[in-house]
Amino acid sequence: LAAVLPDYGPASRIKVQLCDLPRLPLGKLKSTEVVVEVHSASINPTDCKQRKGLLSQIWPLSLPCILGIDLAGRVVRAGEDAPFSEGDEVFGRQQLGRMVDLNGSYAEYCIVEAADIYRKPSR
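Per the numbering used here, residue -14 is the first one in the sequence shown, and the count goes up by one each step.
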């Protein structure tokens, strides 16, 4: 399940729908990638600018797309060179440039680079 943006415009265009993660049906993660089950995501000013198309000259999106930069959740799968294990609680971000090929954090699962996430601190 994900919040999908079919075209640039107002927030009312975003629709919640079923979707597949790119590449995962083939089972191939890059060695430094991590699949995070997203427990929370935020809406920040960059997300709003992307949705409106204000950043389309710099970061054009392949529409429809799933927006979302910030995330927190649990690792469900990690590439062999990623320093994370299944079950690790993490927080971090999705790179803007990766949103052309991959989805952002407004989804149940997100594929991120290990360098862009961190383990949640213990209390």
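Using N, Cα and C, we set each Cβ at its ideal position, and we do this for glycine too.
It should be emphasised that the depicted structure is a prediction, and the values quoted were computed from it without experimental measurement.
Just reading off the alpha helix (DSSP H) that residue i is part of, what are its end residues?
i: Ser34; result: The question names Ser, but residue 34 is Lys in the sequence shown. Run containing Lys34: 30 to 37, per the alpha helix (DSSP H) assignment.
Looking at residue j and residue i, is the spacing between their C-beta atoms short of 8 Å?
i: Leu14; j: Leu(-14); result: no
i: Leu52; j: Gly82; result: no
i: Gly72; j: Lys37; result: no
i: Val(-11); j: Glu22; result: no
i: Lys34; j: Val75; result: no
By the DSSP assignment, the beta strand (DSSP E) with residue i in it spans what residues?
i: Ala57; result: 55 to 63
i: Tyr(-7); result: Segment: none, Tyr(-7) is in no beta strand (DSSP E) and carries neither H nor E.
i: Ser25; result: 18 to 26
i: Lys0; result: 0 to 2
i: Ile102; result: 102 to 104
Shortest alpha-carbon distance to residue i belongs to which of the options?
i: Ala92; options: Ser27, Leu46, Pro(-5), Leu39; result: Ser27
i: Ile103; options: Val(-11), Asp86, Ala57, Val23; result: Contrary to the premise, residue 103 reads as Tyr rather than Ile in this sequence. Measuring from the Cα of Tyr103, the nearest candidate turns out to be Ala57.
i: Asp86; options: Leu48, Arg(-2), Ser(-3), Thr17; result: Leu48
i: Asp55; options: Ile(-1), Leu40, Lys0, Arg78; result: Arg78
i: Arg59; options: Phe69, Cys50, Leu46; result: Phe69
i: Ile96; options: Leu40, Leu46, Val1, Glu18; result: Glu18
i: Ala63; options: Gln42, Leu39, Ala99, Asp(-8); result: Ala99
i: Gln80; options: Thr31, Glu65, Ala67; result: Thr31
My guess is that residue i and residue j are in contact by the Cβ rule of under 8 Å, so how many angstroms apart are they, rounded?
i: Met84; j: Leu46; result: 6 Å
Enumerate, from N- to C-terminal direction, the unbroken beta strand (DSSP E) stretches of 3 or more residues contained entirely within the stretch 72 to 100.
74 to 78, 94 to 98
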